[in-house]
Amino acid sequence: MTLETFHAQVAAAAQTSSINQQIAEYISERYREVSFMTASELAHVIGVSQASITRFSVAMGFSGYTDFVRTLQGLVREQWNTPDRAVYVQPEWSAQADLLVAQEIQNLEGLPALVADSHVQEMAKAIAGARRVVLAGARASSTIVPYAAYFLSKVKDGVEIATPNTPLWETFGLNPDPEALVVAWVFPRYPQPLITWLERLRQDNIPIAAFTDRWVSPAVQLADPVVVVPVASASLFDSYAAPFVLINYIIRQVAALRPGLSQRLEALEARDQANHAFWTRQR
Numbered sequence: 001m002t003l004e005t006f007h008a009q010v011a012a013a014a015q016t017s018s019i020n021q022q023i024a025e026y027i028s029e030r031y032r033e034v035s036f037m038t039a040s041e042l043a044h045v046i047g048v049s050q051a052s053i054t055r056f057s058v059a060m061g062f063s064g065y066t067d068f069v070r071t072l073q074g075l076v077r078e079q080w081n082t083p084d085r086a087v088y089v090q091p092e093w094s095a096q097a098d099l100l101v102a103q104e105i106q107n108l109e110g111l112p113a114l115v116a117d118s119h120v121q122e123m124a125k126a127i128a129g130a131r132r133v134v135l136a137g138a139r140a141s142s143t144i145v146p147y148a149a150y151f152l153s154k155v156k157d158g159v160e161i162a163t164p165n166t167p168l169w170e171t172f173g174l175n176p177d178p179e180a181l182v183v184a185w186v187f188p189r190y191p192q193p194l195i196t197w198l199e200r201l202r203q204d205n206i207p208i209a210a211f212t213d214r215w216v217s218p219a220v221q222l223a224d225p226v227v228v229v230p231v232a233s234a235s236l237f238d239s240y241a242a243p244f245v246l247i248n249y250i251i252r253q254v255a256a257l258r259p260g261l262s263q264r265l266e267a268l269e270a271r272d273q274a275n276h277a278f279w280t281r282q283r
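So in the working numbering, the last spot in the sequence shown is 283, and the numbers never skip.
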């Protein structure tokens, strides 16, 4: 769903009753503010019952207000700033079923269908086949990069990290490497330095793959393959449960495509044992 189709559904629901017309007018004019409201708050400011808000949500085609506001949040969250999201620490939000937990449960439940998608298989094959893999991100989107690099490097060589203010970020692409693949995480609020960096690499015909949250993301025009994986937004900061699980799954798929995996893992384990890498209980 796009913001345009959302507004079209609001307009259609407005035709069903005078109360729905009143609700629709408020939502159309203040949809950004509505994305932070509970059903009771929205009912109060409009001057209707909470049941009317629920019926309006159903008239729009949603299962209820939670479904309605979750969809709206997904459409407008790149417009949010951090002070806006302070509403999620208010008692009105903590008193009801937590939207963050509900979003993450829904996101994780959608992973079986996602991992069966051809884009995920293409991503695994691209990573497995690249001699050099540069993992990139900026701001919050970069938090997945160290996790991915740590485990991916256990199953293949040539894994590097490029984030703002690192040497590789500044120098990568000066001498284009045809065997290199950039894998970027591009999530809201889409960091402009990351987009600019990827655009420059794209102009130099450097292969880019990307994880992002929707098909209208700026990453879609810059990368191939692209894997769309949802993030949860109903909190002070975005939550990345599904992207973390997905990259773990993809690393497993990459491992299955790599020859000599067992020997590599045995060698790594032997090195860890020799270096006393892990705590053990003294007997």
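Glycine included, every Cβ here is placed at the ideal spot set by N, Cα and C.
How many whole angstroms separate the CB atoms of Leu-99 and Phe-6, which I take to be in contact at a CB cut-off of 8 Å?
Your numbering for residue 99 matches position 99 in the sequence shown. Your numbering for residue 6 matches position 6 in the sequence shown. Actually they do not touch by this definition, with Cβ atoms about 18 Å apart.
For the segment 42 to 72, which segments carrying the alpha helix (DSSP H) assignment without a break, of at least 4 residues, lie completely within its bounds, in sequence order?
Listed in chain order, the complete alpha helix (DSSP H) runs (minimum 4 residues) inside the segment 42 to 72 are 50 to 59.
Using only the alpha-carbon positions, how far apart do Ala-273 and Gly-260 sit?
To locate residue 273, count along the sequence shown from 1; it is residue 273. To locate residue 260, count along the sequence shown from 1; it is residue 260. The sequence shown places Gln at residue 273, not Ala. The alpha-carbon atoms of Gln-273 and Gly-260 are separated by roughly 20 Å.
Can the beta-carbon of Ala-148 be found closer than 8 Å to that of Leu-135?
Within the sequence shown, residue 148 is the residue found at index 148, counting from 1. Within the sequence shown, residue 135 is the residue found at index 135, counting from 1. Yes.
From the DSSP output, read off the bridge partner residues of Trp-185.
The residue labelled residue 185 in the question sits at position 185 within the sequence shown. BP columns for Trp-185 point to Phe-211.
In the DSSP assignment, what residue or residues form a beta bridge with Glu-160?
Here the question's residue 160 lines up with position 160 in the sequence shown. In DSSP, Glu-160 forms a bridge with Val-134.
Comparing alpha-carbon positions, which option in Val-183, Pro-230, Leu-222, Asp-213 lies nearest Ile-251?
Along the sequence shown, one-based indexing puts residue 251 at 251. Checked all of Val-183, Pro-230, Leu-222, Asp-213; the closest Cα to Ile-251 is Val-183.
When the Cβ atoms of the segment 216 to 228 are set against those of the segment 183 to 193, are three or more pairs found closer than 8 Å?
Yes, they touch.
Ignore the nearest five residues each way along the sequence and tell me which others in Pro-207's own chain have a CB closer than 6 Å to its CB.
By 1-based counting over the sequence shown, the position of residue 207 is 207. Around Pro-207: Leu-181.
Count the CB pairs spanning the segment 192 to 200 and the segment 60 to 73 that are closer than 8 Å, and state whether there are at least three.
As far as the Cβ criterion goes, the segment 192 to 200 does not touch the segment 60 to 73, which means the pair count is below three.
Would DSSP call Ala-232 helix, strand or coil?
Counting from 1 along the sequence shown, the entry for residue 232 is found at position 232. Reduced to three states, the DSSP call for Ala-232 is strand.
Count the other CB atoms, across all protein chains shown, that sit within 10 Å of the CB of Ala-234; report buried if there are 16 or more and exposed otherwise.
Reading the sequence shown from its first residue, position 234 is the one you call residue 234. Label assigned to Ala-234: buried.
Pick from Pro-230, Arg-258, Leu-265: whose alpha carbon is nearest that of Leu-114?
Translated into the one-based positions of the sequence shown, residue 114 becomes position 114. Nearest C-alpha to Leu-114: Pro-230.
Tell me where the alpha helix (DSSP H) around Arg-271 begins and ends.
Within the sequence shown, residue 271 is the residue found at index 271, counting from 1. Looking at the DSSP string, the run of the alpha helix (DSSP H) that includes Arg-271 is 261 to 274.
Checking 8 Å against the spacing of the C-beta atoms, do Met-60 and Val-227 come in under that value?
For the purposes of this step, residue 60 is identified with residue 60 of the sequence shown, where counting begins at 1. For the purposes of this step, residue 227 is identified with residue 227 of the sequence shown, where counting begins at 1. No, Cβ-Cβ distance for Met-60 and Val-227 is not below 8 Å.
Where does Val-120 fall in DSSP's three states?
Taking the first residue of the sequence shown as position 1, residue 120 is located at position 120. Here Val-120 sits in helix by DSSP.
Are the beta-carbon atoms belonging to Ile-127 and Val-254 less than 8 Å from one another?
By 1-based counting over the sequence shown, the position of residue 127 is 127. By 1-based counting over the sequence shown, the position of residue 254 is 254. Yes; because the gap between Cβ atoms is below 8 Å, this pair is in contact.
Which residue's Cα is closest to the Cα of Ala-256: Ser-40, Glu-109, Lys-156?
As a first step, residue 256 must be located in the sequence shown, where it is residue number 256. Closest by alpha carbon: Lys-156.
Kindly list the residues whose CB is nearer than 6 Å to the CB of Ser-52, restricted to its own chain and excluding five residues on each side of it in sequence; keep chain order.
On the sequence shown, position 52 is the one that residue 52 refers to. Hits under 6 Å: Ile-19.
So, with DSSP's three-state summary, where would you put Leu-226?
Here residue 226 refers to the residue found at position 226 when the sequence shown is read from its first residue. Here residue 226 is Val; the residue named in the question, Leu, does not match the sequence. Here Val-226 sits in strand by DSSP.
Between Val-58 and the rest of its own chain, which residues show a CB-CB distance below 8 Å, the 5 nearest in sequence each way excluded?
Here the question's residue 58 lines up with position 58 in the sequence shown. Excluding residues within five positions, the ones whose Cβ falls inside 8 Å are Gly-64.
Take Gly-173 as the anchor and find which of Asp-204, Val-245, Ile-161, Ser-17 has the nearest alpha-carbon.
The residue given as residue 173 occupies position 173 in the sequence shown. Per the Cα distances, Asp-204.
Tell me the rounded alpha-carbon separation between Ile-27 and Val-34.
Counted from its first residue, the sequence shown places residue 27 at position 27. Counted from its first residue, the sequence shown places residue 34 at position 34. Answer to the nearest angstrom: the Cα atoms are 7 Å apart.
Between which residues of its own chain and Val-120 is the CB-CB distance below 7 Å, once the five residues before and five after are set aside?
Position 120 of the sequence shown holds residue 120. Once the five neighbours on either side are set aside, the close Cβ partners of Val-120 are Leu-114, Val-227, Ile-250.
Please classify Ser-141: does DSSP put it in a helix, a strand, or coil?
One-based indexing of the sequence shown puts residue 141 at position 141. DSSP places Ser-141 in helix when its eight states are reduced to three.
CA-CA distance, Met-37 and Thr-71?
Against the sequence shown, residue 37 aligns to sequence position 37. Against the sequence shown, residue 71 aligns to sequence position 71. About 13 Å.
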